[in-house]
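Q:
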Amino acid sequence: MITNSQIQDLLNEIALNNCEKAYKKLFMEMHESLTAFAFSILKSSEDAEEVVSDFFVSIWQRRVSLPAIENPRLYFFIGVKNTSLNKLTSNGRNRLPSDIEWETSLKSVFFNPEELLLSAEVVKKIMAAVNELPARCKTIFKLVKEEGLKYAEVAKLLDISVKTVEAQMAIALRRIKTHSEFKNQFPELHSLLTQKK
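Taking the working numbering as reference, the numbering of the sequence shown is continuous, increasing by one, and the terminal residue is 203.
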């Protein structure tokens, strides 16, 4: 997962040197997670791809102002969210998505498996537990654990309170820890799962 400082370095390279190579690297690093997030709003792969592509075109067009972005990861998610909501409105679907519609597919585990040296079996069990979370809970959990956003950033992104994020994370952690495939088998992961951002 690309860090905020790495994103900022790429943005600076794009802004200061009109570097297409940095722009392509940024696109490749952020494309999958942004497309999955757009899909959770739009429920259309084609529309999600279009929204992310449009967003990246706007990034290139506004490249001179990129160094001023303080939190690039959050900026990208908010930009894709707003572009997705605009697309819903332009398509005549001018309602906000329900909690169930916020669901995103979990394509990778929510933490760095290299750091933990986890086996494929453990990853399968964790993913099974995460996939059984309610849609909104899963989205929040993924944004915090996979995308590395802080609780306040997730709250801002989803237009909810920090307390709601905390509550949803508590629900997610409780359900994962008590999941039938996971219960009492991996106590060493408890501290990782309960790290607050």
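Ideal placement from N, C-alpha and C gives every residue a C-beta, glycine not left out.
Computed from a predicted model, the values in this text were never measured in an experiment.
Between the alpha carbons of residue 77 and residue 43, how many angstroms are there, rounded?
A: Answer to the nearest angstrom: the Cα atoms are 18 Å apart.
Q: Just to confirm, are residue 54 and residue 41 a CB contact at a threshold of 7 Å?
A: Yes; because the gap between Cβ atoms is below 7 Å, this pair is in contact.
Q: Does the CB of residue 133 have a neighbour CB from chain B at under 7 Å?
A: Judged by its chain identifiers, the structure shown contains no chain B, having just a single protein chain.
Q: Could you tell me which of 7, 97, 48 and 71 sits nearest to residue 24, measuring between CA atoms?
A: Of the listed residues, the one whose Cα sits closest to residue 24 is 71.
Q: Is residue 156 helix, strand or coil when you go by DSSP?
A: Residue 156: coil per DSSP, three-state reduction.
Q: Please confirm whether residue 32 and residue 90 have their CB atoms less than 7 Å apart.
A: No.
Q: Which residue comes first and which comes last in the alpha helix (DSSP H) that contains residue 97?
A: Premise fails: residue 97 is in no alpha helix (DSSP H) and is neither H nor E.
Q: Whole angstroms are fine: how far does the CA of residue 160 sit from the CA of residue 84?
A: Cα-Cα distance, rounded: 10 Å.
Q: Determine the DSSP secondary structure at residue 22, reduced to helix, strand or coil.
A: It is helical.
Q: Where does the unbroken alpha helix (DSSP H) through residue 169 begin, and where does it stop?
A: Run containing residue 169: 168-183, per the alpha helix (DSSP H) assignment.
Q: Just to confirm my understanding: we take residue 108, look at its own chain, exclude 5 residues before and 5 after, and list those with CB closer than 8 Å. What are they?
A: Any reading at residue 108 must be qualified, since the residue scores a pLDDT of 42, below 50, and its modelled position is unreliable; the value itself is stated next. So the list reads 46, 47, 141, 142, 145 and 164, once near-sequence residues are dropped.
Q: As a quick exercise: from 67, 36 and 182, pick the residue whose alpha carbon is nearest that of residue 21.
A: Closest option to residue 21, Cα to Cα, is 67.
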